[in-house]
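A.B. asks: This is the structure, below, for whatever I ask next.
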Amino acid sequence: MTLRRKLLLVALCTLALPVAGWLYVRQMENLLRDGQAQALTASARAVARSLAVAGAGLPEGDQAWYVQPVQTPITVDGYGDDWAPLTPWSQPVGARGKLLLAQDASGLYLWLDVRDSRRTRADVDDPLVLRADHVVLALSRGDLQRRYLLASSGPGPVVARALDPPVAGLPDSLGAQWQEDGSGYRIELRLPGSAGITGVGVGVFDPADGGNPLAVEQRPLLAYSDALSAELARLAPDDVYARVLSPQGWLMARSGRLRPEGGGRQPGWFAALIYRSLLADRVQAAEPWMQDTPRLESPEVVQAQHGQPAAVWREGETRASVVLDAAVPIERGGKVHGVLLLEQTSRAVPLLANRALFGLLLTSFAVLLVAGGILLAFATRLSLRLGKLRDAAERAQAADGRLDGLFQRGRFPMSDAPDEVGDLARSFEKLFEAVGGYTDYLRTLASKLSHELNTPIAIVKSSLDNLEHALEAGGGVPPEAASYLARARDGTARLGMLVRAMSEASRMERAIAAAEPEDVDLREVVRGCAESYRALAGTRSFECVLPPTPLPFHGAPELVAQALDKLFDNALSFTPADGWLRLELRPLERGAEITLANQGPPLPEAMQGRLFDSLVSLRDKATPGDAPHLGLGLYVVRLVAERHGGQALARNIDDGQGVAFTLQLHGMARARL
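With full-length UniProt numbering as the guide, the letters of the sequence shown map in order to residues 1 to 673.
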């Protein structure tokens with residue numbers, strides 16, 4: 001990974017700032033909501049205590065039948081079309097029945113739906129009616145109660161017969177409609193509004209279930225109270241929608257309505273999306289609350305029914321608005337008589353949170369852009385400086401260890417910089433100076449040694465000659481000393497050959513550097529060398545592959561021939577008597593490539609990069625009497641290749657049967673006129 005990418009990743013750490021700010025804004029939004037919820041809950045507690053003291057219209061019992069108000073008149077015909085809007089809030093009666101009560105200006109209506117697929121039919125006057133399917137209806141007026149029996153052997157109008165003595169204000173009989181089908185039967189009737197009925201009891205008897213045929217489930221009637229609504233409107237705070245619910249969640253009173261806060265234009269959809277997705281939490285959906293339902297069974301209301309206040313935030317009717325609902329129990333005498341639910345619209349919390357978040361995001365984004373730009377510029381500048389330092393280091397030293405002329409003309413780049421890059425450049429400069437001095441010393445070591453060793457060798461040789469003459473004059477060389485004298489002469493001769501070889505290497509480097517280029521046909525140069533090599537190959541197989549057309553080349557042909565001679569001599573010494581050699585010339589896009597392959601042992605992996613260095617050889621040590629091998633042949637090949645702008649390479653052949661030496665030549669520079 002590049003330095004710029006690394007610093008860019010480091011710049012991304014600044015994203016922790018907006019994240020931390022977002023968490024802070026979110027926490028502050030929660031604190032604002034909690035404070036507003038506590039304030040509304042405190043107001044609800046105060047109103048609930050006032051309602052408990054007033055006691056106007058609060059239910060007394062734990063169970064009651066709720067009477068729903070209706071605006072359209074109900075036709076008593078035994079069919080449920082008029083009751084369809086009220087059906088979702090039907091009240092269970094026993095295990096099979098569902099009861100609905102409704103009231104308008106003309107009276108009280110009752111609808112009873114009983115599911116019974118196996119019917120035992122009997123009319124109300126049948127002596128066995130109590131053993132058949134029937135319904136017992138009990139009407140209460142204060143402490144007085146009167147029961148009525150309803151039964152029918154078929155659909156149509158029926159008359160409910162009174163089972164108890166007359167009660168003042170309660171009718172002697174009730175007219176009803178009885179309809180049935182395969183799933184059960186339905187009863188619909190109307191009670192007179194002047195009867196002053198305060199309670200209703202319903203008992204559904206099925207012979208298959210058994211039990212008491214006259215048993216009823218008696219409950220008081222509970223309905224929406226205008227008096228309680230007036231009291232609630234007087235006590236409830238402004239701009240708050242208040243509702244009083246019974247312990248079972250039935251609506252008893254309400255006042256006020258939800259009003260959007262602040263008026264003004266609505267926030268945009270993007271602001272609403274930001275608030276819903278990034279800031280708001282624990283916001284419930286608005287659908288269960290927005291309907292004007294006669295009964296609420298939400299978890300908050302249920303919690304308040306058990307004596308524990310609760311508050312919840314939900315989505316508002318308008319975009320980017322929220323509604324706070326606080327439910328508290330209405331307690332009197334240690335018993336819950338109802339639930340007070342206050343609802344208040346709030347756009348202040350979303351707007352404040354959105355403004356804080358938008359300001360934080362804009363600031364963080366600007367800081368992130370500035371920091372990222374600064375880091376990117378710094379990384380770019382640092383990368384360029386390091387790249388320049390790398391390029392200078394690569395160009396400073398040539399392949400043979402000599403310092404490049406670019407470095408010799410001046411100081412190492414950026415060595416004057418006062419920072420760490422400047423320290424690194426100065427360290428490189430010192431290193432290359434030391435390497436250059438050591439390389440120059442090694443390059444001149446051979447000529448220095450040859451010069452310094454000539455005199456000692458001459459002294460040793462003349463001393464040996466004088467010793468031999470003295471021994472001969474005194475009676476001849478003793479037999480036991482003759483072998484030592486011969487060995488000393490041999491060592492002196494070999495040492496002299498080493499000195500002459502080192503001198504020759506130095507002269508060869510100077511000769512190669514001073515060679516003059518010319519335009520030649522490289523194909524003919526290689527062809528001439530190959531013809532002379534055939535006689536030297538002896539029993540070995542020799543093959544020469546040349547291009548079909550002439551190959552113009554600007555260089556020193558004698559140097560190329562000398563390099564080929566060194567390569568051929570090296571290959572010949574490692575090729576067995578029945579082996580093969582192959583010389584190939586191939587043109588390149590810029591110059592030519594000469595490859596000499598031979599059969600023989602493979603090159604050691606560790607030596608492939610050092611074969612063309614001076615004084616490096618893979619031959620075995622010379623035996624006494626043989627001329628020493630200094631490893632200068634391949635070194636000359638490398639010098640010739642570099643003089644022609646190319647390089648010398650060595651590799652093992654893929655099949656492992658030999659090696660190949662390649663001489664890449666790009667030509668020598670033409671002299672300017």
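Yeah, the Cβ is synthetic: ideal placement off N, Cα and C, and Gly gets one too.
A quick note: this is a predicted structure, and the numbers were derived from the prediction, not measured.
Could you check if Gly264 is buried or exposed, using at least 16 other CB atoms within 10 Å of its CB as the buried criterion?
C.D. replies: Because the pLDDT of Gly264 is 47, which lies under 50, any placement of that residue in the model is unreliable, and the question is left without a value.
A.B. asks: Which first and last residues belong to the beta strand (DSSP E) in which Cys544 is found?
C.D. replies: Element bounds for Cys544: 541-545.
A.B. asks: Tell me the rounded alpha-carbon separation between residue 688 and Lys388.
C.D. replies: Missing from the structure shown is residue 688; the chain here goes from 1 to 673 and no further.
A.B. asks: Under the rule that 16 or more other beta-carbon atoms within 10 Å means buried, what is Cys529, buried or exposed?
C.D. replies: So Cys529 counts as buried.
A.B. asks: Which partner residues of Glu343 appear in the DSSP bridge assignment?
C.D. replies: DSSP lists Tyr241, Asp325 as partners of Glu343.
A.B. asks: With Pro557 as the anchor, note down where its alpha helix (DSSP H) starts and where it stops.
C.D. replies: Looking at the DSSP string, the run of the alpha helix (DSSP H) that includes Pro557 is 557-574.
A.B. asks: Measuring straight from C-alpha to C-alpha, what distance separates Ala371 and Arg390?
C.D. replies: Between Ala371 and Arg390, the C-alpha separation is close to 28 angstroms.
A.B. asks: Note down, one range per segment and in chain order, each beta strand (DSSP E) of at least 3 residues found wholly within the region 143-172.
C.D. replies: If we require 3 residues or more, the beta strand (DSSP E) runs fully inside the region 143-172 come out as 144-150, 156-162.
A.B. asks: Can you grab the Cα-Cα spacing for the pair Thr549 / Gln664, in whole Å?
C.D. replies: About 19 angstroms.
A.B. asks: If distances are taken between C-alpha atoms only, which option among Glu589, Leu588, Phe612, Arg582 comes closest to Gly600?
C.D. replies: Minimum Cα distance to Gly600 is reached at Arg582.
A.B. asks: In chain order, what residues of the same chain lie with their CB nearer than 6 angstroms to the CB of Ala215, ignoring the 5 residues before and after it?
C.D. replies: The residues are Gly203.
A.B. asks: The beta strand (DSSP E) that contains Ser532, what's its start and end?
C.D. replies: From DSSP, Ser532 is part of no beta strand (DSSP E) but of the alpha helix (DSSP H) over 522-537.
A.B. asks: Any idea what DSSP makes of Asn212, helix, strand or coil?
C.D. replies: It is coil, neither helix nor strand.
A.B. asks: In the DSSP assignment, find the alpha helix (DSSP H) that holds Ala227 and state where it starts and stops.
C.D. replies: It spans 226-235 - the alpha helix (DSSP H) in which Ala227 sits, taken as one unbroken run.
A.B. asks: My output table needs one value for Tyr79: the three-state DSSP class, helix, strand or coil.
C.D. replies: It is coil, neither helix nor strand.
A.B. asks: At a cut of 8 angstroms, does the region 649-668 reach the region 540-549 through at least three beta carbon pairs?
C.D. replies: No: the two stretches stay apart, fewer than three of their Cβ pairs being nearer than 8 angstroms.
A.B. asks: Give a single yes or no on whether Pro73 has its beta carbon closer than 7 angstroms to a heavy atom of the ligand GTP.
C.D. replies: In the structure shown, the ligand GTP is absent, as is every other ligand, since no ligand is present at all.
A.B. asks: Run through the DSSP bridge pairs and tell me what Tyr109 is partnered with.
C.D. replies: Answer is Ala102, Arg190.
A.B. asks: With distances taken from CA atoms, which of Ala327, Leu110, Leu51 is nearest residue 706?
C.D. replies: Here the chain has residues from 1 to 673 only, and residue 706 is not among them.
A.B. asks: Classify Asp206: buried if its beta carbon has 16 or more other beta carbons within 10 angstroms, exposed otherwise.
C.D. replies: Classification of Asp206: buried, given that the 10 Å Cβ count is 16 or more.
A.B. asks: Can you name, in chain order, every residue of its own chain whose Cβ lies under 6 angstroms from the Cβ of Pro299, other than the five neighbours on each side?
C.D. replies: Here the set comprises nothing.
A.B. asks: Is Val640 helix, strand or coil by DSSP?
C.D. replies: Three-state DSSP puts Val640 in a helix.
A.B. asks: Rounded to whole angstroms, what is the Cα-Cα separation between residue 679 and Leu232?
C.D. replies: The structure shown does not extend to residue 679, since the chain is modelled only from 1 through 673, so no value can be given for it.
A.B. asks: Please report how far the alpha carbon of Ser364 lies from the alpha carbon of Gly256, in whole angstroms.
C.D. replies: Going by the C-alpha atoms only, they are around 43 angstroms apart.
A.B. asks: Could you give the distance in angstroms between the alpha-carbon of Ala253 and the alpha-carbon of Asp238?
C.D. replies: Approximately 16 angstroms between the Cα atoms of the pair.
A.B. asks: Helix, strand or coil for Thr380? Go by DSSP, reduced to three states.
C.D. replies: The answer is helix: DSSP assigns Thr380 an H, G or I state.
A.B. asks: Could you check where the alpha helix (DSSP H) with Pro299 kicks off and where it finishes?
C.D. replies: Where Pro299 is concerned, the enclosing alpha helix (DSSP H) stretches over 299-305.
A.B. asks: Who are the Cβ neighbours of Gln657 in its own chain at under 7 angstroms, not counting the five residues just before and after it?
C.D. replies: Hits under 7 angstroms: Gln599.
A.B. asks: Return the bridge partner residues of Lys335 from the DSSP annotation.
C.D. replies: According to DSSP, which records beta bridges pairwise, Lys335 is partnered with Arg332.
A.B. asks: Please classify His644 as buried or exposed, where buried requires at least 16 neighbouring CB atoms within 10 angstroms.
C.D. replies: The residue is buried, with at least 16 neighbouring Cβ atoms inside 10 Å.
A.B. asks: According to DSSP, is Ser90 helix, strand or coil?
C.D. replies: Residue state, collapsed to three classes: coil.
A.B. asks: Determine the extent of the beta strand (DSSP E) in which Gln664 is found, giving its start and end residues.
C.D. replies: 658-665 is the extent of the beta strand (DSSP E) around Gln664.
A.B. asks: Can you have a look at Arg219 and say buried or exposed, based on whether 16 or more other CB atoms are within 10 angstroms of its CB?
C.D. replies: By the 10 Å Cβ count, Arg219 comes out buried.
A.B. asks: For Arg141, list the residues DSSP reports as bridge partners.
C.D. replies: Arg141 is bridged to Leu144.
A.B. asks: Here's the rule: buried if 16 or more other CB atoms are within 10 angstroms of the residue's CB, otherwise exposed. What is Lys448?
C.D. replies: Answer is exposed; the Cβ neighbour count stays below 16.
A.B. asks: To the nearest angstrom, how far is the alpha carbon of Pro602 from that of Glu516?
C.D. replies: Whole-angstrom Cα-Cα distance: 36 angstroms.
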